[in-house]
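Asker: The structure is given below, and queries will be raised subsequently.
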DNA sequence: CTTTAATTCAAACATGTGTTTTAATCAACT
DNA sequence: AGTTGATTAAAACACATGTTTGAATTAAAG
């Protein structure tokens with residue numbers, strides 16, 4: 042049993058359970074049971090529960106932000122080469138695509154994204170401040186770029202619209218969870234019932250299966266990105 | 042000390058603390074200390090912690106939903122009278138306005154709205170199911186109305202866009218909390234710094250004050266509603 | 001091989017948390 | 001005033017939870 046193995050086991054288990062239950066409703070004993078290690082291991086390897094959360098977030102946010110910054114820089118460089126302002130659509134795409142693509146890269150990533158959504162909704166904490174420290178460069182550049190793209194928009198309105206976009210993305214990433222509101226909304230609605238009815242008739246799949254997916258994600262991470270970007274771009278330019 | 046007084050005290054205190062800290066991080070002893078009553082009172086009057094949360098939500102959701110349904114029915118009646126489809130803008134307004142207006146009707150209401158946002162983000166629970174039971178009639182009618190307003194939109198896309206709008210509203214209502222992301226986003230950005238700079242020069246108000254408000258809410262609940270509705274309408278019609 | 005360092009483990013620690021119990025107090029009714 | 005029911009309060013209950021401790025085990029170094 043080596044240190045890298047134990048730490049990774051704990052981080053993976055924590056990611057999964059924290060994403061599903063949130064920080065306060067997840068105990069160290071649950072995490073360590075999931076990881077198959079002793080509860081003292083958390084304090085030995087990470088120091089505290091909060092530090093564990095910090096580590097869970099940090100190991101993922103760094104590569105995700107690299108992807109985001111790269112894409113954003115690419116959009117800006119492209120616009121500069123053409124002597125034009127960056128397009129709002131391209132900017133929102135740089136904002137949305139890395140997150141949703143990352144989310145669909147695996148179960149762990151999916152949990153992580155859900156965890157970020159949760160963490161952003163918590164009261165201020167050391168972890169949240171840490172999260173913002175990582176996000177700062179991207180947010181600065183993103184807002185600056187949006188200002189260039191939409192120069193006629195007041196600062197307050199630009200910020201509000203960006204904020205609404207952040208909210209939308211944060212919420213969209215919560216789709217990771219089967220408890221998600223969309224599934225329940227669909228279940229409540231006549232529209233949902235009709236869709237289920239169609240699937241039943243057409244595909245022979247059990248009537249419950251399609252109800253879990255807002256979009257056919259088997260081939261449409263890109264499609265989801267497009268639809269979210271469409272919505273946001275229209276809203277930013279409204 | 043009569044029963045109505047004690048119950049109300051507990052409900053108000055719970056609303057406040059649950060909104061700020063979430064269910065799992067709020068203890069009954071904290072609530073009862075805030076309410077100035079004994080911890081046993083919770084179990085005496087409400088039966089359990091979870092039942093308390095249920096009561097906190099129920100006492101507010103019923104009137105809020107009445108307002109929403111009334112507004113939505115009005116939009117539909119108006120369209121019917123004119124022999125037209127309901128407009129997306131009017132529908133989104135009926136969705137957004139009661140919530141944001143209610144939020145700005147007082148500190149308690151503000152806390153309640155924040156609490157709803159939190160509750161929607163929790164794992165499935167009896168309270169969440171209860172919440173959906175209350176929301177069901179509105180959601181059904183809303184989706185049906187949107188279908189009428191946007192008949193060329195596929196069911197999946199309609200549902201996705203509604204879902205994104207729900208997410209946006211849920212997130213917007215989180216602005217109740219000073220820990221809110223927008224405040225921090227602004228603090229991080231150059232745009233934010235400029236705005237602060239302007240306020241300092243122009244109004245004589247301490248430089249910290251404007252940083253807490255995305256929009257001048259002293260006179261602009263209506264303005265915020267308009268901006269959110271603008272964004273959503275553009276997105277729904279994209 | 002021996003020694004040192006790292007890791008794991010079970011138990012203990014210090015405290016917390018929702019719930020229950022029971023007696024005292026208050027309120028309402030006759 | 002006495003009786004009954006409602007309410008409050010403090011203490012106890014039954015566990016839970018993050019953290020610490022010290023011994024045992026494993027790994028690494030010389």
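Residue numbers (our numbering), protein chains in the order written: chain A, 42 to 279; chain B, 42 to 279.
Cβ coordinates follow ideal geometry from the N, Cα and C atoms, glycine included.
1) Cβ of residue 164(B) less than 8 Å from any chain A Cβ?
2) In angstroms, rounded to a whole number, what distance separates the CA positions of residue 55(A) and residue 121(A)?
3) Of all Cβ atoms in chain A, is any one closer than 8 Å to the Cβ of residue 88(B)?
4) Identify each residue in the segment 62-86 of chain A for which the Cβ-Cβ distance to at least one residue of chain B is less than 7 Å, and report them in chain order.
5) What is the DSSP secondary structure of residue 121(B), counted as helix, strand or coil?
6) What separation, rounded to the nearest whole angstrom, lies between the Cα atoms of residue 279(A) and residue 129(B)?
7) Count the other C-beta atoms from every protein chain shown that fall within 10 angstroms of the C-beta of residue 60(A), then say buried if there are 16 or more, exposed otherwise.
8) Output the distance between the C-alpha atoms of residue 265(A) and residue 104(A), rounded to the nearest integer angstrom.
9) From residue 168(B) to residue 187(B), what does the alpha carbon distance come to, in whole angstroms?
10) According to a CB-to-CB cut-off of less than 8 Å, which residues of the segment 127-156 of chain A neighbour chain B?
11) Report the start-end ranges of each alpha helix (DSSP H) in the segment 106-165 of chain A that is 4 residues or longer and not cut off at the edges.
12) Do residue 63(A) and residue 65(B) come within 8 Å of each other at the CB atom, strictly closer than that value?
13) To the nearest angstrom, report how far apart residue 125(A) and residue 270(B) are at their CA atoms.
14) Under a CB-based cut-off of 8 Å, is residue 298(B) close to chain A?
15) How many Å lie between residue 241(A) and residue 99(A) at the Cα?
16) Check residue 278(B) in the structure and name its three-state DSSP category.
17) Answer yes or no: do residue 214(B) and residue 162(B) have a C-beta to C-beta separation smaller than 8 Å?
18) For residue 103(B), go through chain A and note every residue whose CB falls closer than 9 Å to its CB, in chain order.
19) Once you ignore the five residues that flank residue 58(B) on each side, which residues in its own chain have a CB closer than 8 Å to its CB?
20) Between the C-alpha atoms of residue 117(B) and residue 181(A), what's the straight-line distance to the nearest angstrom?
21) Distance check for residue 165(A) and residue 144(B), CA to CA, integer angstroms please.
22) In the structure shown, what three-state DSSP assignment does residue 170(B) receive?
23) When the distance is taken between beta carbons, is residue 212(A) closer than 8 Å to residue 208(B)?
24) Identify the contact partners of residue 269(A) in chain B, using a Cβ-Cβ distance below 8 Å as the criterion.
25) Closest to residue 97(B) by C-alpha separation, out of 79(B), 138(B), 51(B), would be which residue?
26) Quick check: is the beta carbon of residue 273(A) nearer than 8 Å to any beta carbon in chain B?
27) Go to residue 213(B), then tell me how far its alpha helix (DSSP H) extends in each direction, as first and last residue.
28) Give me the residue from 199(B), 183(B), 201(B) with the minimum Cα distance to residue 106(B).
29) Terminal residues of the continuous alpha helix (DSSP H) containing residue 65(B)?
30) Give me the Cα-Cα distance between residue 191(B) and residue 200(B), rounded to the nearest whole angstrom.
31) Starting from the beta carbon of residue 159(B), find every residue of chain A whose beta carbon is closer than 8 Å, and list them in chain order.
32) Check each residue of the segment 164-179 of chain B: if its Cβ is closer than 7 Å to any Cβ of chain A, include it; give the result in chain order.
33) Alpha carbon to alpha carbon, how far is residue 174(B) from residue 101(B)?
Answerer: Taking the geometry as given:
1) Position 123 of the second chain, counted from the start, is the residue given in the question as residue 164(B). Contact of residue 164(B) with chain A is assigned, a C-beta pair being separated by under 8 Å.
2) Within the first chain, the letter at position 14 stands for residue 55(A). Within the first chain, the letter at position 80 stands for residue 121(A). Their Cα atoms are separated by approximately 43 Å.
3) For the purposes of this step, residue 88(B) is taken as residue 47 along the second chain, with counting starting at 1. Chain A contact via Cβ: absent.
4) Those would be 62, 63, 65, 66, in chain order.
5) Translated into the one-based positions of the second chain, residue 121(B) becomes position 80. DSSP places residue 121(B) within a helical segment (H, G or I) once states are collapsed to three.
6) As a position in the first chain, residue 279(A) is number 238, starting the count at 1. As a position in the second chain, residue 129(B) is number 88, starting the count at 1. The C-alpha of residue 129(B) is placed about 14 Å away from the C-alpha of residue 279(A).
7) Residue 60(A) sits at position 19 when you count from the first residue of the first chain. Under this definition residue 60(A) is a buried residue.
8) Counting from one through the first chain, the residue named residue 265(A) turns up at place 224. Counting from one through the first chain, the residue named residue 104(A) turns up at place 63. Distance between the alpha carbons of residue 265(A) and residue 104(A) is about 22 Å.
9) Numbered from its first residue, the second chain carries residue 168(B) at position 127. Numbered from its first residue, the second chain carries residue 187(B) at position 146. In this structure, the CA atom of residue 168(B) is about 28 Å from the CA atom of residue 187(B).
10) Contacts with chain B (Cβ-Cβ distance below 8 Å) from the segment 127-156 of chain A involve no residue at all.
11) Complete alpha helix (DSSP H) runs here, min 4: 129-144, 148-161.
12) Position 24 of the second chain, counted from the first residue, corresponds to residue 65(B). Position 22 of the first chain, counted from the first residue, corresponds to residue 63(A). Yes; because the gap between Cβ atoms is below 8 Å, this pair is in contact.
13) Counted from its first residue, the first chain places residue 125(A) at position 84. Counted from its first residue, the second chain places residue 270(B) at position 229. Looking at the two C-alpha atoms, the distance is approximately 30 Å.
14) As shown, chain B starts at 42 and ends at 279. That puts residue 298(B) outside it, with no answer to give.
15) Here residue 241(A) refers to the residue found at position 200 of the first chain. Here residue 99(A) refers to the residue found at position 58 of the first chain. The predicted model places residue 241(A) with a pLDDT of 34, which falls under 50 and marks its position as unreliable; any figure quoted below should be read in that light. Distance between residue 241(A) and residue 99(A), taken at the CA atoms: about 43 Å.
16) Your numbering for residue 278(B) matches position 237 in the second chain. Note: residue 278(B) maps to coil in three-state DSSP.
17) The sequence position of residue 214(B) within the second chain is 173, counting from 1. The sequence position of residue 162(B) within the second chain is 121, counting from 1. Going by C-beta atoms, residue 214(B) is not nearer than 8 Å to residue 162(B).
18) As a first step, residue 103(B) must be located in the second chain, where it is residue number 62. What residue 103(B) touches in chain A, judged by beta-carbon distance under 9 Å, is nothing: the nearest beta carbon there is about 18 Å away.
19) As a first step, residue 58(B) must be located in the second chain, where it is residue number 17. Same-chain partners within the cutoff: 67, 71, 72, 75.
20) Position 76 of the second chain, counting from 1, holds the residue named residue 117(B). Position 140 of the first chain, counting from 1, holds the residue named residue 181(A). Answer to the nearest angstrom: the Cα atoms are 43 Å apart.
21) As a first step, residue 144(B) must be located in the second chain, where it is residue number 103. As a first step, residue 165(A) must be located in the first chain, where it is residue number 124. A direct Cα-Cα distance of roughly 21 Å separates residue 144(B) from residue 165(A).
22) Within the second chain, numbered from 1, the residue matching residue 170(B) stands at position 129. In the structure shown, residue 170(B) sits in a helix (DSSP, three-state: H, G or I).
23) Along the second chain, read from residue 1 onward, the residue named residue 208(B) stands at position 167. Along the first chain, read from residue 1 onward, the residue named residue 212(A) stands at position 171. In contact: residue 208(B) and residue 212(A) (Cβ atoms closer than 8 Å).
24) As a first step, residue 269(A) must be located in the first chain, where it is residue number 228. In chain order: 205.
25) On the second chain, residue 97(B) is found 56 positions in, with the first residue counted as 1. Measuring from the Cα of residue 97(B), the nearest candidate turns out to be 51(B).
26) Against the first chain, residue 273(A) aligns to sequence position 232. Yes, its Cβ sits closer than 8 Å to a Cβ of chain B.
27) Numbered from its first residue, the second chain carries residue 213(B) at position 172. First-last of the alpha helix (DSSP H) with residue 213(B): 196-214.
28) Translated into positions along the second chain, residue 106(B) becomes position 65. Measuring from the Cα of residue 106(B), the nearest candidate turns out to be 183(B).
29) Here the question's residue 65(B) lines up with position 24 in the second chain. Residue 65(B): not part of any alpha helix (DSSP H); DSSP gives it neither H nor E.
30) The residue given as residue 191(B) occupies position 150 in the second chain. The residue given as residue 200(B) occupies position 159 in the second chain. When rounded, the distance between both Cα atoms is 12 Å.
31) On the second chain, residue 159(B) is found 118 positions in, with the first residue counted as 1. Within chain A, the residues near residue 159(B) are 162.
32) Sequence-ordered contacts of the segment 164-179 of chain B with chain A read 164, 165, 173, 177 [C-beta pairs closer than 7 Å].
33) Sequence index remark: in the second chain, residue 174(B) carries index 133 (1-based). Sequence index remark: in the second chain, residue 101(B) carries index 60 (1-based). When rounded, the separation of the alpha-carbon atoms in residue 174(B) and residue 101(B) is 14 Å.
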